[in-house]
Amino acid sequence: MFHLFKLFSQDLIKYLAVLIWGLFSIIYIIENGAVLNAELIEKYQYYFIIGASIILIERTIYFLKYHRFILLPYSLSLYNRVADEQKESKIFLDKFKKYDKKTNTYFFKNRLAIDKKMYIDSKDKIIHLLGYEDKNEVEFEIKAHNKKEIAIRLYKLPLKFNWHIELLKDKKIYLGHSKNGAYFLPLENLTSCITVGESGAGKSNFLNMIIFSLLHNFNYIDKLDFIDLKGVELSRYKLNNTSFTDNLEQVDKLLEELKNEMNNRFAQMKEKGDLIYQGKYRICLIDEIGTIATHYDKKLKEQIFNNLIEIGQKGRASKVLLLIFSQKIDSTNIPTNVLTNLQGSFLLRTSSQFNINNSIGLQEEIEEITRTRVQDFPKGRIIFKDGLTSEKILLQTPYLSQDIQNSMIKYFRSWINK
Ligand SMILES: Nc1ncnc2c1ncn2[C@@H]1O[C@H](COP(=O)(O)OP(=O)(O)OP(=O)(O)O)[C@@H](O)[C@H]1O
Ligand SMILES: [Mg+2]
């Protein structure tokens, strides 16, 4: 409390000094450079009193409103220090700088340099101090800002909500809700991707959600090929522009065909001098790729994986893409060479550090965008790593009930199959 009062007094003195200096300059100009005398002071004293009152009221309100944030660096010892020649170190406390109402972001500054890691490590303390008791409710993003600032953004992600048809948009793929609302990826920015998450994390729900966006954009897509050796979920679509495969020989044939298609497209591009293929997309979706690796036929597997590597490597320019889903991504489930050639990734709930490290990256990078541990993610919570920009975005995907899925499949049949 004493510290707050000290800061308040300092702040007030600063503002009053500015006021006095400003008034003095104005008087000086108005009175043509006359020296300040008792008469002039009397004449202008009310301006000073009014100005000072406004400042006092405004600053008091400000300090009352933001006292938690103003005190935060002090309460959590967020500071930087320099040691001078005399070996006496001087402390520079971080300072609350401003609040941006539109994005619910708080900015802190340090005159020396600011330590982002300190804020990341104090996440839970910060939340507690700010009075957000219910841990699950508030999400938290800590970003470096300018040179010496930190931006803390507080926001909420819905836990469970239903999918609805307004989430379909032309030339865009809906990926879930981010801190800014519905998040759409432009179709042209889609890359080959891996989606990883343990059983029940919501992969298949997410897969169907992406399929809806893709089908909605079927004018730009030649064909969607579904592969699932484990289940029949994807066989439900039965559309003119979709295929379903649950047999390894057929998978091999399909990927061979896709690779040839890709190479044909490259030949056309070369002829026309195009850097990006001008025609429609071919997108292959594989649910539970781990089932391929467990197959006994070594030669077949090798062929399949080699084609996956090649398509992953060169597919984007020719608009031949792979969307692969898996519970685990260690080399027994998906060969490392296949994995490293998928540019984008989606991480759902998993307790495997290997899955986390090899899809999104370091623990620290994840802590910057969420304070929920990946193993505690609710169903449908996803970190998306953009395949082009490597930007990481926290998303919550909506729930697709059986009814919605059935009616959407019917809906797509009614106009794609007509
Ligand atoms: N976004 C979501 N919001 C709420 N509930 C969800 C969401 N996604 C999935 N669920 C629920 O979780 C259950 C499991 O989801 P899903 O089948 O998508 O998991 P999965 O990751 O594909 O699991 P598996 O690896 O075993 O196939 C679903 O039946 C559904 O009830
Ligand atoms: Mg599944």
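Heads up, the sequence shown is in this note's numbering, so the first residue is 1 and it goes up one at a time. We put the beta carbon where it would ideally sit given N, CA and C, even for glycine.
Run of the alpha helix (DSSP H) containing residue i, from where it starts to where it stops
| i | result |
| --- | --- |
| T60 | 38 to 75 |
| F206 | 203 to 216 |
| R413 | 402 to 416 |
| A17 | 2 to 30 |
| Q353 | 353 to 359 |
| R265 | 248 to 272 |
| Y174 | Per DSSP, Y174 belongs to no alpha helix (DSSP H); it is in the beta strand (DSSP E), 172 to 178. |
| N307 | 298 to 314 |
| Y119 | 116 to 121 |
| E364 | 363 to 369 |
| G290 | 290 to 293 |
CB contact check: residue i to chain B, cutoff 8 Å
| i | result |
| --- | --- |
| K270 | Looking at the structure shown, chain B is missing, and only one protein chain is on hand. |
For residue j and residue i, believed in contact at Cβ under 8 Å, the rounded distance
| i | j | result |
| --- | --- | --- |
| L248 | I292 | 7 Å |
| V251 | T245 | 5 Å |
| K156 | R111 | In fact, because the Cβ distance is near 33 Å, the residues do not count as touching under 8 Å. |
| L64 | I126 | Rounded, the Cβ-Cβ distance is 20 Å, inconsistent with contact. |
| Y399 | K90 | In fact, because the Cβ distance is near 55 Å, the residues do not count as touching under 8 Å. |
| K109 | D94 | 7 Å |
| N208 | Q405 | 6 Å |
| T397 | N205 | 7 Å |
| K314 | M262 | 6 Å |
| S326 | G290 | 6 Å |
| E31 | L23 | Contact flag wrong, Cβ pair sits at about 12 Å. |
Residue i: first and last residue of the uninterrupted beta strand (DSSP E) it sits in
| i | result |
| --- | --- |
| D228 | 221 to 228 |
| T195 | 193 to 196 |
| I286 | 281 to 287 |
| Q396 | 392 to 396 |
| D100 | 95 to 100 |
| N337 | Careful: N337 lies outside any beta strand (DSSP E), inside the alpha helix (DSSP H) at 336 to 339. |
| G387 | No beta strand (DSSP E) contains G387, which DSSP labels as neither H nor E. |
| I324 | 320 to 326 |
| T242 | 242 to 245 |
| R349 | Run containing R349: none; DSSP gives neither H nor E here. |
| A83 | 79 to 83 |
| H164 | Counting along the chain, H164 falls outside any beta strand (DSSP E), and DSSP gives it neither H nor E. |
| T372 | Unbroken run through T372: none, as it is neither H nor E. |
| R153 | 149 to 155 |
| E139 | 139 to 145 |
| P158 | Counting along the chain, P158 falls outside any beta strand (DSSP E), and DSSP gives it neither H nor E. |
Member of the options whose CA lies at the smallest distance from the CA of residue i
| i | options | result |
| --- | --- | --- |
| G200 | S351, L4, I26, F5 | S351 |
| F212 | H3, D121, F412 | F412 |
| I13 | E31, S25, T60 | T60 |
| K169 | G181, E141, Y132, H216 | H216 |
| F354 | E368, V374, I369, L342 | V374 |
| N162 | H145, I152, A182 | A182 |
| Q364 | D121, G344, I283, Y399 | The amino acid at residue 364 is misidentified as Gln; the sequence shows Glu. With distances taken between Cα atoms, E364 lies closest to D121. |
| K392 | L130, L185, K98, Y132 | L185 |
| F92 | K101, D100, K98, V82 | V82 |
| F96 | K90, Q86, I70 | I70 |
| L158 | W415, L395, N264 | The sequence given here has Pro at residue 158, not Leu. For the residues W415, L395, N264, the minimum Cα distance to P158 belongs to L395. |
| L190 | L308, L300, S318, G131 | S318 |
| A151 | Y132, Y119, Q268 | Y119 |
| D124 | I416, K301, E139, D115 | E139 |
| L388 | C193, I382, L76, N180 | C193 |
| G131 | T103, R68, M1, I289 | R68 |
| I369 | A144, E42, T336, M1 | A144 |
| T103 | E58, N80, L76, L154 | L154 |
| L321 | L78, L214, L56 | L214 |
| L76 | I334, N264, H128, S235 | H128 |
| N337 | I227, Q303, I309 | I309 |
| L7 | Y106, Y66, S25 | Y66 |
| L362 | I26, I383, N146 | I383 |
| I409 | Q278, I165, I276, N307 | I165 |
| G344 | M1, L78, V196 | V196 |
| A113 | E88, K98, N146 | N146 |
Exercise answer, beta-carbon shell around ligand 2 heavy atoms below 5 Å: Ordered along the chain, the selected set is K203, S204.
Touch test, the segment 167 to 175 against the segment 253 to 266, Cβ-Cβ under 8 Å, three pairs minimum: no
Touching by the beta-carbon criterion (3+ pairs, under 8 Å), the segment 321 to 338 and the segment 347 to 359: yes
The segment 368 to 383 in contact with the segment 341 to 349 per 3-pair CB rule at 8 Å: Yes, since at least three Cβ pairs between the segment 368 to 383 and the segment 341 to 349 fall closer than 8 Å, the two stretches touch.
At least 3 beta-carbon pairs within less than 8 Å: the segment 218 to 228 vs the segment 277 to 296: yes
Segment contact flag, the segment 41 to 54 with the segment 16 to 29, C-beta cutoff 8 Å, min 3 pairs: yes
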